[in-house]
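Quick note: the sequence shown uses our numbering, first residue 2, plus one each step. Heads up, the beta-carbon is just placed ideally off N, CA and C, and yes, glycines get one too. These numbers come from a predicted model, not from an experiment. Here is the structure we will look at.
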Amino acid sequence: MSLSKVASVLLASASLVAGHGYVSSIEVDGTTYGGYLVDTYYYKSDPPELIAWSTNATDDGYVSPTNYDSSNIICHRGSSPGALSAPVAPGGTVKMTWNTWPDDHHGPVITYLANCNGSCSDVDKTALQFFKIDAGGLIDDTDIPGTWATDELIDDSYSRNITIPTDIEAGNYVLRHEIIALHGAEDLDGAQNYPQCINLNVTGSGTATPSGTLGTALYKDTDPGIYIDIWQTISSYTIPGPTLYTAGSTATATAAAVTAAAVTGASTTEGAAVTSAAVSSAGSQTKMATGNMGVSSPSDSTSTTSSTPSATSSSASSATSGVLSGSCSQEDYWYCNGGTAFQRCVNGEWDASQSMAAGTECTAGISETLTILASSKRRDVGRMRRRRV
Ligand SMILES: *[C@@H]1O[C@H](CO)[C@@H](O)[C@H](O)[C@H]1NC(C)=O
Ligand SMILES: *[C@@H]1O[C@H](CO)[C@@H](O)[C@H](O)[C@H]1NC(C)=O
Ligand SMILES: *[C@@H]1O[C@H](CO)[C@@H](O)[C@H](O)[C@H]1NC(C)=O
Ligand SMILES: *[C@@H]1O[C@H](CO)[C@@H](O)[C@H](O)[C@H]1NC(C)=O
Ligand SMILES: [Cu+2]
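Here it is, written out as structure tokens:
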């Protein structure tokens, strides 16, 4: 892709607004239930009874890989079971709808069930054993960073349909639905998990009791589908977590775990073809949209990134120039360093400084969006930092 194309893509998507989401509505076999509206209900003394689990993640934030062994990963931070339960028939459909999702937070969308062995409203979440019933991962990698299940979810009005396996035994189950955002996953501990839980009451006369995995054992920070650089071409994507359960199988569906395609639980498999298009041999893929915009210039071995002594986060809120390092408090915010370089607050820390593409500049300072302008004057390419991929 030419640099001018990079610039135009960035100009076209200049509104890179932060803001994560949560499941705000659930449709179960045609009946609609409200989600736990964390930004409202958390502050109410008497929130409504729901099928959705509550959480205290009022920042709309995520669980980091370093917390994969904590109970936070089960149904989000500070979660408690919903008081209600939605009846669903085996083979029935659960449609999970998010209030919003940022389009640069690409990654898989995964759903599990766990039997409560009784009522879910007072279940010990640390004893829940989850089996995977639905997973979408990388759909098409033609254009880096690829088309992901999150992109599909956004296209489907922030929703995803999940089919309940046709053969599981009746009973009360927790459905654990999760987006894993991979835009920063090239760093260890850079993935972001957004789990959401609801209670279901599965009816029917199924007999299958798929074996499951404790929530705290689902993932490791080094899993190939967790610690991955989506800003390079990926030949296949391994959806993290245990293998997909499909009705009629004995809790294993090995092929399903390693696939870049979207798969659904019961009988349908969609988008099975994995496109891993060849990428031009130019050798340098540019990161876009999340702002990791790489620039490789012809002769830049004497790169002079204008680094001034690091500013600390406490004094960073008004910084307009100089490379920032260390912690930051405004997750996903951008920092434009003097118009020519930028950084982003990822997982509570300023990430590496990246040069703006030739012909573009940003508006200096820290803000929720990175404002990109075509630069008026010609840039000295010697100042651009080469990004090796
Ligand atoms: C959320 O709940 C957990 C567990 O009860 C608690 O440790 C944590 O301090 C709470 N966090 C907030 C922001 O309320
Ligand atoms: C339900 O029973 C299974 C099998 O005994 C057990 O492994 C699991 O931990 C139980 N789940 C809960 C939530 O108690
Ligand atoms: C999801 O399921 C609902 C209800 O069955 C259906 O109306 C809707 O079209 C489905 N959405 C997608 C994206 O398949
Ligand atoms: C689940 O459905 C069964 C059968 O209708 C009912 O007996 C049971 O009370 C329900 N459980 C919950 C938690 O709603
Ligand atoms: Cu984010």
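Distance CB(residue i)-CB(residue j) smaller than 8 Å
| i | j | result |
| --- | --- | --- |
| F132 | Y246 | yes |
| H77 | A182 | no |
| L154 | W102 | yes |
| I199 | W99 | no |
| G35 | Y23 | no |
| P109 | W149 | yes |
| I180 | T151 | yes |
| Y174 | N116 | yes |
Through-space distance from residue j to residue i, alpha-carbon basis
| i | j | result |
| --- | --- | --- |
| A320 | L189 | 27 Å |
| N194 | D60 | 14 Å |
| M357 | G62 | 28 Å |
| W232 | G216 | 29 Å |
| P249 | G172 | First, the residue type needs correcting, since residue 249 is Gly and not Pro in the sequence shown. Cα to Cα, the separation comes out at about 18 Å. |
| D142 | H21 | 24 Å |
| E170 | N118 | 11 Å |
| E187 | I227 | 9 Å |
| S376 | I229 | 33 Å |
| S330 | I367 | 12 Å |
| L219 | R161 | 21 Å |
| G327 | E350 | 5 Å |
| D224 | D70 | 14 Å |
| E369 | S120 | 43 Å |
| D104 | I145 | 14 Å |
| V39 | K45 | 10 Å |
| A136 | Q355 | 33 Å |
| L325 | E50 | 45 Å |
| D156 | L129 | 32 Å |
Neighbourhood of residue i by C-beta, 6 Å cutoff - its chain only, sequence neighbours within 5 removed
| i | result |
| --- | --- |
| V95 | V29, I163 |
| G339 | S322, A365 |
| S122 | P82, A84 |
| P243 | K133, T214 |
| L374 | E362 |
| G79 | T56, N57 |
| Y42 | P48 |
| T341 | M357 |
| V124 | P82, C117 |
| H178 | M97, T112, Q197 |
Spatial neighbours of residue i in its chain, beta-carbon cut-off 8 Å, leaving aside the 5 residues before and after
| i | result |
| --- | --- |
| I402 | A question about residue 402 goes unanswered here, because the residues of the chain that appear run from 2 up to 390. |
| N68 | I74 |
| A256 | Low confidence applies here, because A256 scores a pLDDT of 31, under 50, leaving its location unreliable and the question unanswered by this model. |
| D168 | P91, G207, T208, A209, A248, G249 |
| S5 | Here S5 scores only 38 on pLDDT, less than 50, and its place in the model should not be relied on; the value that follows carries that caveat. Excluding sequence neighbours, S5 sits near G360. |
| T127 | S72, I75, L215, G216, T217 |
Residue interval of the beta strand (DSSP E) (run including residue i)
| i | result |
| --- | --- |
| L114 | 110-116 |
| I163 | 160-164 |
| N348 | Here N348 belongs to no beta strand (DSSP E), and DSSP marks it neither H nor E. |
| V324 | Where V324 is concerned, there is no enclosing beta strand (DSSP E), given that its DSSP letter is neither H nor E. |
| A136 | 130-137 |
| G366 | 366-368 |
| E28 | 24-29 |
| C337 | 335-338 |
Residues of its chain near residue i, where Cβ-Cβ distance is below 7 Å and the 5 sequence neighbours each way are ignored
| i | result |
| --- | --- |
| N348 | S65, G185, D190, G191 |
| S26 | T33, G35, G36, T98 |
| Y238 | G138, L139, G226, A261 |
| G205 | A90, P91, A171 |
Residue range of the alpha helix (DSSP H) that includes residue i
| i | result |
| --- | --- |
| L176 | No alpha helix (DSSP H) contains L176, which is instead part of the beta strand (DSSP E) from 172-182. |
| A150 | 150-156 |
| D1 | Any property of residue 1 remains undetermined from this structure, which presents the chain solely from 2 to 390. |
Inside the region 50-117 only - beta strand (DSSP E) runs reaching at least 3 residues: 87-89, 94-99, 110-116
Neighbouring residues (CB closer than 7 Å to any heavy atom of ligand 7): Ligand 7 is absent from the structure shown, which contains only ligand 1, ligand 2, ligand 3, ligand 4 and ligand 5.
Those runs of the beta strand (DSSP E) which lie wholly inside the region 184-258 and span at least 3 residues: 193-203
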